[in-house]
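Colleague:
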Amino acid sequence: MSLVLLDPPQWRSAPQGLPHWPYVQAVDDALTARGIPPGTVRVGHHGLERGLTTYMRLGWDVSRTSGRGGIRLDWEERKGWYYALTAIDSYDVLLYTVITALRTPIADPERVADVAEELVCFRRVPDEEYREEWDGAREARVAADDFRRTRLGLGPFRPPRESADGERAAGPGVQLVIDTQADTYEQAAAALRAAYGCDPQT
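Just so you know, the sequence shown maps onto residues 263 to 464 in my numbering.
(1) By Cβ distance below 6 Å, which residues in the same chain neighbour A432 in space, the five residues on each side in sequence not counted?
(2) Once the 5 residues before and after G332 are set aside, which same chain residues still bring their CB inside 6 Å of it?
(3) Are the Cβ atoms of E394 and D370 separated by less than 7 Å?
(4) Quick check: the Cα distance between R411 and T366, rounded to an integer number of angstroms?
(5) Compare the Cα-Cα distances from Y447 to each of W283, D290 and E311 and report the closest residue.
(6) Alpha carbon to alpha carbon, how far is H307 from D397?
(7) Reducing DSSP to helix, strand and coil, say where A444 ends up.
(8) Is the beta carbon of A406 sitting closer than 7 Å to the one on E338?
(9) Using the Cβ count rule (16 or more neighbours within 10 Å means buried), how would you classify Y358?
(10) Which residue marks the beginning of the beta strand (DSSP E) containing L356, and which one marks its end?
(11) Measuring only the C-alpha atoms, how far is V360 from A453?
(12) Using only CA atoms, which one of V382, G415, E372 and L356 lies nearest to P300?
(13) Check V387 in the structure and name its three-state DSSP category.
(14) Below 7 Å between beta carbons: does that hold for V305 and V289?
(15) Could you give the residue range of the beta strand (DSSP E) that holds L335?
(16) Looking at the structure shown, is W396 part of a helix, part of a strand, or coil, going by DSSP?
(17) Please return the same chain residues whose Cβ sits closer than 7 Å to the Cβ of Q449, not counting the five positions on each side in sequence.
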């Protein structure tokens with residue numbers, strides 16, 4: 263598991279760069295514009311056992327909320343948004359659940375800010391349902407797939423080429439080498455899921 267603070271220098275040019283970083287910044291900007299910037303921001307990616315999926319964690323301690331405890335928002339690229347209500351000690355989680363108001367995993371940052379504002383100011387989730395997806399969601403998914411492929415020693419994904427008559431030409435397939443002597447079944451399965459962008463839970 264990898265953890266970094268907001269803003270890692272030159273992430274775009276680093277081979278271990280974080281593909282969802284533009285989304286992190288967009289969410290942070292939306293929260294700052296509302297006057298509720300998170301006190302802590304953590305981003306990173308899980309290891310092979312969880313398919314090299316990326317995540318973000320935003321935290322407001324008791325000094326930044328209107329209640330008697332803190333608030334935490336967690337995001338995972340395939341599962342979407344969750345929130346935690348914490349006690350004065352931020353490690354003491356009173357409630358942890360999915361944010362049903364955000365109906366898409368890469369929700370529009372303004373809608374994330376809507377939910378965060380209700381939680382931070384009133385310790386409740388809005389009644390509305392938000393289905394808007396962030397404008398950069400497609401690019402973030404492509405970058406995440408390329409990130410996983412790079413970590414597995416594969417080249418970036420390229421869509422099939424079209425021939426002059428409009429037929430799709432066969433492109434190079436995925437080539438994945440698994441050492442049956444050294445790799446466990448779980449490692450091999452996680453590598454396959456990451457290479458093809460499958461949900462590790464399936």
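Yeah, the Cβ is synthetic: ideal placement off N, Cα and C, and Gly gets one too.
Modeller: Result, derived from the coordinates:
(1) Counting from 1 along the sequence shown, the entry for residue 432 is found at position 170. Because the pLDDT at A432 is just 47, under 50, the model does not fix this residue reliably, and the point stays unresolved.
(2) Within the sequence shown, residue 332 is the residue found at index 70, counting from 1. Answer for G332: W322, D323, V324, T348 and S352, listed in chain order.
(3) The sequence position of residue 394 within the sequence shown is 132, counting from 1. The sequence position of residue 370 within the sequence shown is 108, counting from 1. Yes, the Cβ-Cβ distance between E394 and D370 is below 7 Å.
(4) Indexing the sequence shown from 1 puts residue 411 at position 149. Indexing the sequence shown from 1 puts residue 366 at position 104. Cα-Cα distance, rounded: 24 Å.
(5) Here residue 447 corresponds to residue number 185 of the sequence shown, with the count starting at 1. Minimum Cα distance to Y447 is reached at E311.
(6) Translated into the one-based positions of the sequence shown, residue 307 becomes position 45. Translated into the one-based positions of the sequence shown, residue 397 becomes position 135. About 22 Å.
(7) By 1-based counting over the sequence shown, the position of residue 444 is 182. In the structure shown, A444 sits in coil (DSSP, three-state: anything other than H, G, I, E or B).
(8) Locating residue 406 in the sequence shown gives position 144, where the first residue counts as 1. Locating residue 338 in the sequence shown gives position 76, where the first residue counts as 1. It is not a contact, given that the beta carbons lie outside the stated cut-off.
(9) To locate residue 358, count along the sequence shown from 1; it is residue 96. Result: exposed.
(10) Translated into the one-based positions of the sequence shown, residue 356 becomes position 94. Element bounds for L356: V355 to V360.
(11) Within the sequence shown, numbered from 1, the residue matching residue 360 stands at position 98. Within the sequence shown, numbered from 1, the residue matching residue 453 stands at position 191. Roughly 27 Å separates the two Cα atoms.
(12) Counting from one through the sequence shown, the residue named residue 300 turns up at place 38. The option with the nearest alpha carbon to P300 is V382.
(13) One-based indexing of the sequence shown puts residue 387 at position 125. DSSP places V387 in coil when its eight states are reduced to three.
(14) Locating residue 305 in the sequence shown gives position 43, counting from the first residue. Locating residue 289 in the sequence shown gives position 27, counting from the first residue. Not in contact: V305 and V289 (Cβ atoms no closer than 7 Å).
(15) Taking the sequence shown and counting its residues from 1, the one referred to as residue 335 is at position 73. Unbroken beta strand (DSSP E) run through L335: I333 to E338.
(16) As a working mapping, residue 396 is identified with position 134 in the sequence shown. Coil.
(17) Taking the sequence shown and counting its residues from 1, one reaches residue 449 at position 187. Closer than 7 Å at Cβ, skipping near neighbours: L310.
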